[in-house]
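6 protein chains.
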Amino acid sequence: MSGDVNPFESLQEQIDDAAEYIDVGTDVLERLKRPERVLETNLTVELDDGSLEVFRAYRSQFNGDRGPYKGGVRYHPGVTRDEVKALSGWMVYKCAVVDIPYGGGKGGIEIDPIDYSDAELERITRSFATELRPLVGADRDIPAPDVNTGQREMNWIKDTYETLEGTTEPGVVTGKAIDSGGSCGRVEATGRSTMLTAREAFDYLGEDPAGATVAVQGYGNAGSVAAKFIESELGADVVAVSDSSGAVYHPDGLDTRAVKQYKNETGAVTGYDGATEELTNEELLTMDVDLLVPAALENAIDADLARDVGAD
Amino acid sequence: MSGDVNPFESLQEQIDDAAEYIDVGTDVLERLKRPERVLETNLTVELDDGSLEVFRAYRSQFNGDRGPYKGGVRYHPGVTRDEVKALSGWMVYKCAVVDIPYGGGKGGIEIDPIDYSDAELERITRSFATELRPLVGADRDIPAPDVNTGQREMNWIKDTYETLEGTTEPGVVTGKAIDSGGSCGRVEATGRSTMLTAREAFDYLGEDPAGATVAVQGYGNAGSVAAKFIESELGADVVAVSDSSGAVYHPDGLDTRAVKQYKNETGAVTGYDGATEELTNEELLTMDVDLLVPAALENAIDADLARDVGAD
Amino acid sequence: MSGDVNPFESLQEQIDDAAEYIDVGTDVLERLKRPERVLETNLTVELDDGSLEVFRAYRSQFNGDRGPYKGGVRYHPGVTRDEVKALSGWMVYKCAVVDIPYGGGKGGIEIDPIDYSDAELERITRSFATELRPLVGADRDIPAPDVNTGQREMNWIKDTYETLEGTTEPGVVTGKAIDSGGSCGRVEATGRSTMLTAREAFDYLGEDPAGATVAVQGYGNAGSVAAKFIESELGADVVAVSDSSGAVYHPDGLDTRAVKQYKNETGAVTGYDGATEELTNEELLTMDVDLLVPAALENAIDADLARDVGAD
Amino acid sequence: MSGDVNPFESLQEQIDDAAEYIDVGTDVLERLKRPERVLETNLTVELDDGSLEVFRAYRSQFNGDRGPYKGGVRYHPGVTRDEVKALSGWMVYKCAVVDIPYGGGKGGIEIDPIDYSDAELERITRSFATELRPLVGADRDIPAPDVNTGQREMNWIKDTYETLEGTTEPGVVTGKAIDSGGSCGRVEATGRSTMLTAREAFDYLGEDPAGATVAVQGYGNAGSVAAKFIESELGADVVAVSDSSGAVYHPDGLDTRAVKQYKNETGAVTGYDGATEELTNEELLTMDVDLLVPAALENAIDADLARDVGAD
Amino acid sequence: MSGDVNPFESLQEQIDDAAEYIDVGTDVLERLKRPERVLETNLTVELDDGSLEVFRAYRSQFNGDRGPYKGGVRYHPGVTRDEVKALSGWMVYKCAVVDIPYGGGKGGIEIDPIDYSDAELERITRSFATELRPLVGADRDIPAPDVNTGQREMNWIKDTYETLEGTTEPGVVTGKAIDSGGSCGRVEATGRSTMLTAREAFDYLGEDPAGATVAVQGYGNAGSVAAKFIESELGADVVAVSDSSGAVYHPDGLDTRAVKQYKNETGAVTGYDGATEELTNEELLTMDVDLLVPAALENAIDADLARDVGAD
Amino acid sequence: MSGDVNPFESLQEQIDDAAEYIDVGTDVLERLKRPERVLETNLTVELDDGSLEVFRAYRSQFNGDRGPYKGGVRYHPGVTRDEVKALSGWMVYKCAVVDIPYGGGKGGIEIDPIDYSDAELERITRSFATELRPLVGADRDIPAPDVNTGQREMNWIKDTYETLEGTTEPGVVTGKAIDSGGSCGRVEATGRSTMLTAREAFDYLGEDPAGATVAVQGYGNAGSVAAKFIESELGADVVAVSDSSGAVYHPDGLDTRAVKQYKNETGAVTGYDGATEELTNEELLTMDVDLLVPAALENAIDADLARDVGAD
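These protein sequence lines are chains L, U, X, C, A and Y, in that order.
Just so we're aligned: the first sequence equals residues 142 to 453 in our numbering.
Just so we're aligned: the second sequence equals residues 142 to 453 in our numbering.
Just so we're aligned: the third sequence equals residues 142 to 453 in our numbering.
Just so we're aligned: the fourth sequence equals residues 142 to 453 in our numbering.
Just so we're aligned: the fifth sequence equals residues 142 to 453 in our numbering.
Just so we're aligned: the sixth sequence equals residues 142 to 453 in our numbering.
Set out below in structure tokens:
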């Protein structure tokens, strides 16, 4: 999903780059560049037609020096060991930067969830949770929603873990349903934070977000909530949004909630009749806008593309 | 260590080959071709000079349907994930063939133990044992000695596990010291079994082992004990033995114990003065002998070489 | 204790009645009408005279979907399996109505505690706690005081549980002594809530509680505290109170604390010399008062009696 | 299944009867007449059509003074709490009589397994095993096959328990498949023991079993194996066998294996064409034979019927 | 109980003496001279009159290198920390000499059990077992009977441990009742071994035990069983036996069983009318006999007394 | 370190003294005068030169009625069992006086840490933590820094405990590094409290601390922080401070931070060139000052010395 860039090598280069600014031995650095452990598991699950299928899944625990590992679980056909390792490493730095007592972890299943029934996804998730059991827990490693997972998957993991351990431990996951102990505001948190970051960026640059033009790549939970708040809180015009089907564009700004509703109904943003034009994702990424929000998968913008990005 | 053959692909091909003789669905077969789980861990250990070094280690648990996983832990610079996966798969079939209630596992550390002090090896082993802890135990997975590991390493694993669990559980490893609950005969078991297999093979072919010529590739524990018993119990002439330094040859048979003692003192079989000639390993493998014993690492003989093997 | 009404059937009818107002399948409903599990245990305990006696005890865990089970443990000769099941079911709905993350449970021992010494009651309670051990805990099921149990019994359960688990876990019970981690205000909570409910009811009906006439059936902890607060906080006149010995009446209002002190000393409210008249419990329940507080056991008022209740 | 006799009362009367022959206090006796604990659980399981159904299940642990509880789990629509309690009590005495260090337990689900698919039965069994988990284990309570349960159900229980506990513990059940650690001879053990008992009875009475006439009520595992051995080992003529469909009769003896094969194919013994006559179960029980083997459910023969039994 | 000899110093001197015969560093020796850990606990127990009493108790775990700690628990007013430490050290060497995979432990309570009722002793023992719980277990440390403890105390410890752990683990103690999993022959094992040692000693010296004269100091379980077997199996004459009340003597040999029965009835050997003379313990120890059996507490014979011992 | 006063006897006398003011039975008192348990352990640790050394260590858990045990771990050559017992007893009363739900514990190792390298101290501490493991935990017993231990040692204990338990449990110790979950202000808490106590004392006596003269015995963490705050917050003149090297004096007050920095660099207060005079510790203790702060070890002032103390 990230062209020819290996995300794990990308992480390691970033650590090397950062290390030039601090005084750290190469031996310590070497430790910081590799995950403490990675579990690879092959889940054999019965499908609705009675046949078996094997799914490859991973959990990487990168570094736990600052506290229990913390990080999402994604379901995507492009999940690889190196991607999971890289993402778990980035979680270490994210938690450290905001100074919360957690380390970094990440997991994923190599699957396109659209191809499976809800019952099959439940069995796959519970099978994965059974594998995770000796390694996770509120005091060990705490999964969270990520690409293609949400409250439903977290509740399945929580319920499986609690049954296996014979207890009630809602802290084993974050992002669970509010009725099951989840935090209010969790669903919109990623998108809201994107808006807050954008607001600070405009402020830092001494520009006014009101009336600015914005393009949003990716219109899942993160992208659509970000778009909604950028429109409603900052008064900017979201002129283009995209998903894997392509992008839609309106020079005066799209109605971000209407696009979301349209995507909920049809499964794609393309075809939305409030747009004046349809674009490719690459066209969207290189548009001349004031703000570009990349809200799909990591490494969407590589060095080459970066040169073409038109956002100010 | 195995040329360009990937041992894991080799295992999967063998399973496919075997599957042609039984009635089994492709979905079940698919499950049998992949390990249930593989733990990859990066051990950060303090060396004697105070610096840190990171060691990559693996434990593959291939299939536990028949009982706790069972298999060795090897220390070798050529250890790879795929090798460990393949070896754990072969353990499944070994245990099943002799009908003991165990599944298959295997582990390894990517390390050349000759480069490290005893104290460093102890710390590395104990660090690995700490990682293995949630996955092993007499009822879960039982490590054993393998290439470059023996009673000493097993006792370190056992002691670490017992300290972590606060109990006495000698069954967590096999191959431990006899004083620590090890089985009598364990050290010579692999070599003795090789001799028994050779004896049965001669019997099956209706030939007399007494006076037969034998070449032994690899002169570690397995090879040297096999040579000793083939000489003493079967009366055959061990005309050539080798290790990573090369091979030594005597047309009338070598004194297998003397060669072993020489290797213990010098670290190699080459240079042994009771030999008439020194050969390469490849020459040894293709010698014209009655019995060839490959007792080094797996996949020593590939399809090409197999055509050249001269043993009857 | 509740005439010929089976409390469990009563609960199930209430669920059926409520179900008519929501859209729920009969299969889901069926699950909601039965406890998840009921433990029945026969406790054999040595009495002070050295003989053994067997006591029947129950713990019903009705529904844990919303969190750990929660509910009291009562000691009463009329305890039955169906009563415990019903009470545990009502706890589910109580916790849900006030939206706390707990499910419903309830326990009881078939015993009249007045017939046993303190030492015997301690041994009986500790024996029950040993039986409860695998099912309770701050994250599993949390007992509380109920009819004829209080801080003393909760502390015995807590201490037994902590000794068995080798830890300190005050959260295993509520209603323990304040010095042992109990909550301030817990002892008066039931009675105070009764007063608050009455206050809201008067408010809802647009009437003034000051000077209203009140009858309280049951003068244990719940009833006497309710009476005290209804008198002191609302300014109402508690004209009649009862216990199993009968009821006492004074048209201008009783001194609720004096009656309590009298009952503490004599074990009954009857005979209290500040009353003008003595009544039966049934007479009290059907008195013409502004507020009737049924604070004894459940199902005190059945359909027939309800027609005769004189309270407004 | 047992007419109007309450099996638990029946057990208690037997204990009272036995007590007359020993010196035991009534308080001790009272303890011996009641189970230590009974777990009642309502299992909510999803059926193949997606709807839920609730199944009532029990486990009674009668007495553990001599060791872990031991006893079967039956699936039958007539399972009741009192039946399970009684059966668990009889297990106490059976284990004590043969002097093995086990106490007595018994469990059951109120279900007619013929009405459910294999997948449904697996889910029901695994749900029950999850409930049993805190109470069972090789050192606590060990289920076994009983009416309508066998190796398959035991393996489901074992697998569920092992997954929940994260270990391998085949000792948690007896009667599992031999490949899963089961004992050889377990399947035929009940029937073989019946033959041995019959052999000893003939010997005790000084009669010769060869040529004796035998009627077998119940032709499940116990009855059919008993019949097979009584025919093959003792040389007796099994003239009549029955199941819930009725009985078949041949004055010269039936071919016990042929009848079994017929029942395996058709689900009933009636209709077997090697019989000369078909009878009711009651007729079979009162036939004039040398040996009557009641191999169906308990209490098949009550006091009234006992008078009519024609067997010598 | 052992004059002015400190048993722990005595043990340490013995280790120093033994060390002269082997090649061992002083640092290793230092480790071998001290217990790994000693738990001292003050048990507060309610007496039958309702008052509390505090009892000092110890458990010393001397060395566990060879396996779980193993050793008795004694009840005696003369129990001291140093005595318990010494006894636990001697257990290490006893287990090593007979080459069983156990280390050495020992425990004791400072109490004269004759001053307490059975109920009090049960409460004291159960309180001690609760303290021992985190340190003992079949795989950690295994108590056994010792001075003034036996099957009864072991069963109390076993039952307490099993209740606390929620399991059945008879291996937590040895010396329990046979019905509770104890070993046949355990009660007589110490005495029988004494006879076997004596038999071997006579054999080694080339003398005939038949008709030899024997004095036994201490007539508890060890001494009286030894006397019985020395009389019945070796045909020797037990001419004198003693206990804390003094010694009885008959030149032609005492009837060892009759003396035992007399002591069981009266609590002492003195006064036994089958004796011709009564002696002090010191006189017995210095008698002119062929064999002297010291079967009371350790250190009965010090260097001075040793010079006076008259036995050959 | 405390002359000839046995601190445990001292504690017991204090309890007896206090008991005269309350109504408590001698049996209860007896319980309050002895620790519930004391673990003595001999830690065998490998030194940097490869040799072994044995270190005696203790943990006393005096009384846990009010909650988990709580108290420091000190490293000092003068540590004795009786000192540890006494200190653990005083912790009971300290926690009770400030009414926090903790009991009292204390531990220590008989060692002068100055004689050992950091690596050796780490191994010694981790060995001690392994011994403490079954007895400590956030819900059982919580060590803290004490003489010669601090954040570093607490982090070693925490890390060892967490590794052994396979979890993250920062609550197992207090006084850990802030980055590891420690409390802000913990390092200065003892010294700050001393200042607050002094402030209240001056207030109680109606005197003004500004300009008062102060002598501080002991200039470790507690003493130097107290001095700093007494100087900066109260405006008093710290005229003399001491450590084990002796005391320094300046009639107009010392610069408390400068003395601290001097001690950090040289390891002693003596030789500080901002002083006008050097004194012995005893001279300091008996100086004529307004406030004397004894901040070294307990029992620095005995009855004799108390008569000579010159502070007001």
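Think of the CB as a built atom: it goes at the ideal place given N, C-alpha and C, for glycine as much as any other residue.
Neighbouring residues, chain A, relative to residue i (Cβ below 9 Å)
i	result
ARG281/C	GLY307, THR308 and THR309
Chain C residues whose Cβ lies nearer than 9 Å to that of residue i
i	result
PRO275/L	GLY307
When the options are compared against residue i, the one with the closest alpha-carbon
i	options	result
ALA339/L	GLY326/L, GLU419/L and VAL357/L	VAL357/L
ASP206/A	VAL379/U, GLU310/U and GLY364/U	GLU310/U
LYS404/Y	LEU425/Y, THR417/Y and ASN362/Y	ASN362/Y
GLU177/C	LEU273/X, LEU426/X and SER192/X	LEU273/X
LEU432/A	VAL379/A, ASP449/A, GLN402/A and VAL366/A	VAL379/A
SER229/X	ILE255/X, SER151/X and GLY364/X	SER151/X
SER268/U	LYS247/U, LYS299/U and ILE255/U	LYS299/U
Residue i: contacting residues in chain X (beta-carbon distance under 9 Å)
i	result
GLY316/L	Per Cβ cutoff of 9 Å: no residues; GLY316/L is ~17 Å from chain X at best.
Residue range of the alpha helix (DSSP H) that includes residue i
i	result
SER365/U	362-373
TYR403/A	397-407
TYR345/A	330-346
ALA227/Y	222-238
VAL169/L	167-173
ALA441/A	Run containing ALA441/A: none; DSSP gives neither H nor E here.
Endpoints, beta strand (DSSP E) assigned at residue i
i	result
LEU188/U	Unbroken run through LEU188/U: none, as it is neither H nor E.
SER258/L	No beta strand (DSSP E) holds SER258/L; DSSP gives it neither H nor E.
ALA381/L	378-384
THR315/Y	From DSSP, THR315/Y is part of no beta strand (DSSP E); its letter is neither H nor E.
Partner residues on chain U for residue i, Cβ-Cβ distance less than 9 Å
i	result
GLY322/C	GLY208 and PRO242
Per DSSP, cross-strand counterpart(s) of residue i
i	result
ILE250/A	ALA198/A and TYR216/A
LYS211/X	ILE283/X
GLU181/L	TYR199/L and VAL179/U
Within chain C, partners of residue i - CB distance below 7 Å
i	result
THR304/L	THR271
Test: residue i CB closer than 8 Å to a CB of chain B
i	result
VAL195/L	Considering every chain present, this structure includes no chain B. Its protein chains are L, U, X, C, A and Y.
For the region 167-201 of chain C, list every residue whose C-beta sits within 7 Å of some C-beta in chain X, in sequence order.
ASP168, VAL169, GLU171, ARG172, ARG175, PRO176, GLU177, ARG178, VAL179, LEU180, GLU181, THR182, ASN183, THR185, SER192, LEU193, GLU194 and VAL195
Residues of the region 246-273 of chain L in Cβ contact with chain U at a cutoff of 8 Å, in chain order, please.
GLU272
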